[in-house]
Amino acid sequence: MALGVSLIHADRKKSLIMILIFCIATPLGIVIGIGLTSFGADILIGIIVTLSSGTFIYIATTEVIVEEFSKPDYKYSKFLAFFVGVGIFTTLKSVLGGD
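In the numbering used here, each residue's number is its place in the sequence shown (first place is 1) plus 1112.
Below, the structure is given as C-alpha coordinates:
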(Lines of atoms letter the chains of each structure in order from A and count residues from 1; the text may use other names and numbers.)
(Lines give C-alpha, C1' and ligand atoms only; values in the text may rest on other atoms or scores of the structure.)
Protein backbone atom coordinates (compact mmCIF):
# COMPACT_ATOMS: atom_id res chain seq x y z
CA MET A 1 0.00 0.00 0.00
CA ALA A 2 2.84 2.39 0.78
CA LEU A 3 4.30 1.85 -2.69
CA GLY A 4 0.94 2.67 -4.27
CA VAL A 5 0.63 5.91 -2.32
CA SER A 6 4.19 6.86 -3.27
CA LEU A 7 3.46 6.16 -6.94
CA ILE A 8 0.45 8.47 -6.93
CA HIS A 9 2.55 11.43 -5.77
CA ALA A 10 5.64 10.73 -7.90
CA ASP A 11 6.40 11.67 -11.47
CA ARG A 12 6.56 9.00 -14.20
CA LYS A 13 10.34 8.45 -14.13
CA LYS A 14 10.49 8.13 -10.35
CA SER A 15 7.49 5.76 -10.42
CA LEU A 16 9.19 3.49 -12.94
CA ILE A 17 12.37 3.40 -10.85
CA MET A 18 10.42 2.49 -7.70
CA ILE A 19 8.53 -0.26 -9.55
CA LEU A 20 11.78 -1.64 -10.97
CA ILE A 21 13.44 -1.75 -7.53
CA PHE A 22 10.34 -3.39 -6.05
CA CYS A 23 10.30 -6.02 -8.83
CA ILE A 24 14.00 -6.83 -8.45
CA ALA A 25 13.93 -7.11 -4.64
CA THR A 26 12.10 -10.45 -4.38
CA PRO A 27 14.19 -12.44 -6.88
CA LEU A 28 17.34 -10.94 -5.37
CA GLY A 29 16.21 -12.01 -1.91
CA ILE A 30 15.56 -15.53 -3.19
CA VAL A 31 19.03 -15.74 -4.73
CA ILE A 32 20.63 -14.52 -1.51
CA GLY A 33 18.60 -17.03 0.50
CA ILE A 34 19.61 -19.92 -1.77
CA GLY A 35 23.22 -18.82 -1.57
CA LEU A 36 23.18 -18.72 2.22
CA THR A 37 21.56 -22.15 2.54
CA SER A 38 24.15 -23.68 0.21
CA PHE A 39 26.93 -22.41 2.51
CA GLY A 40 25.17 -23.88 5.54
CA ALA A 41 25.40 -20.61 7.44
CA ASP A 42 22.74 -21.42 10.04
CA ILE A 43 23.27 -18.23 12.04
CA LEU A 44 22.81 -16.05 8.93
CA ILE A 45 19.66 -17.94 7.97
CA GLY A 46 18.33 -17.43 11.49
CA ILE A 47 19.05 -13.70 11.31
CA ILE A 48 17.33 -13.34 7.94
CA VAL A 49 14.27 -15.32 9.06
CA THR A 50 14.08 -13.19 12.21
CA LEU A 51 14.25 -9.97 10.19
CA SER A 52 11.58 -11.11 7.74
CA SER A 53 9.30 -12.29 10.56
CA GLY A 54 9.74 -8.99 12.37
CA THR A 55 8.93 -7.08 9.19
CA PHE A 56 5.77 -9.13 8.68
CA ILE A 57 4.62 -8.54 12.26
CA TYR A 58 5.42 -4.81 12.04
CA ILE A 59 3.41 -4.34 8.82
CA ALA A 60 0.52 -6.41 10.18
CA THR A 61 0.29 -4.49 13.43
CA THR A 62 0.90 -0.97 12.17
CA GLU A 63 -0.96 -0.97 8.86
CA VAL A 64 -3.30 -3.88 8.23
CA ILE A 65 -4.89 -4.39 11.65
CA VAL A 66 -5.15 -0.68 12.42
CA GLU A 67 -6.78 0.04 9.05
CA GLU A 68 -9.27 -2.81 9.37
CA PHE A 69 -10.35 -1.92 12.89
CA SER A 70 -10.73 1.78 12.05
CA LYS A 71 -13.64 0.96 9.70
CA PRO A 72 -16.93 0.51 11.59
CA ASP A 73 -18.25 -2.19 9.23
CA TYR A 74 -18.37 -5.65 10.83
CA LYS A 75 -16.19 -4.46 13.71
CA TYR A 76 -17.21 -7.23 16.12
CA SER A 77 -16.89 -9.94 13.46
CA LYS A 78 -13.37 -8.73 12.64
CA PHE A 79 -12.49 -8.65 16.33
CA LEU A 80 -13.77 -12.21 16.80
CA ALA A 81 -11.95 -13.47 13.68
CA PHE A 82 -8.73 -11.84 14.87
CA PHE A 83 -8.85 -13.53 18.26
CA VAL A 84 -9.89 -16.87 16.78
CA GLY A 85 -6.78 -16.68 14.56
CA VAL A 86 -4.58 -15.81 17.52
CA GLY A 87 -6.12 -18.70 19.45
CA ILE A 88 -5.51 -21.17 16.63
CA PHE A 89 -1.86 -20.21 16.30
CA THR A 90 -1.37 -20.25 20.06
CA THR A 91 -2.92 -23.72 20.25
CA LEU A 92 -0.78 -24.99 17.37
CA LYS A 93 2.35 -23.65 19.06
CA SER A 94 1.39 -25.29 22.35
CA VAL A 95 0.50 -28.64 20.79
CA LEU A 96 3.29 -28.89 18.24
CA GLY A 97 5.95 -27.22 20.35
CA GLY A 98 8.89 -25.53 18.79
CA ASP A 99 12.61 -25.57 18.47
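Think of the CB as a built atom: it goes at the ideal place given N, C-alpha and C, for glycine as much as any other residue.
Quick caveat, the model's predicted, so the values are computed rather than measured.
Between residue i and residue j, what straight-line distance do the alpha-carbon atoms span, to the nearest angstrom?
| i | j | result |
| --- | --- | --- |
| residue 1222 | residue 1175 | With the chain represented from 1113 up to 1211, any question about residue 1222 goes unanswered, as that position is not in the structure. |
| residue 1144 | residue 1155 | 14 Å |
| residue 1199 | residue 1123 | 45 Å |
| residue 1192 | residue 1150 | 43 Å |
| residue 1125 | residue 1180 | 33 Å |
| residue 1170 | residue 1133 | 21 Å |
| residue 1129 | residue 1205 | 42 Å |
| residue 1163 | residue 1185 | 33 Å |
When DSSP labels each residue in this structure, what does residue i get in the three-state scheme?
| i | result |
| --- | --- |
| residue 1172 | helix |
| residue 1183 | coil |
| residue 1123 | coil |
| residue 1145 | helix |
| residue 1166 | helix |
Under the assumption that residue i contacts residue j (Cβ atoms under 8 Å), give the Cβ distance between them as a whole number of angstroms.
| i | j | result |
| --- | --- | --- |
| residue 1148 | residue 1157 | 6 Å |
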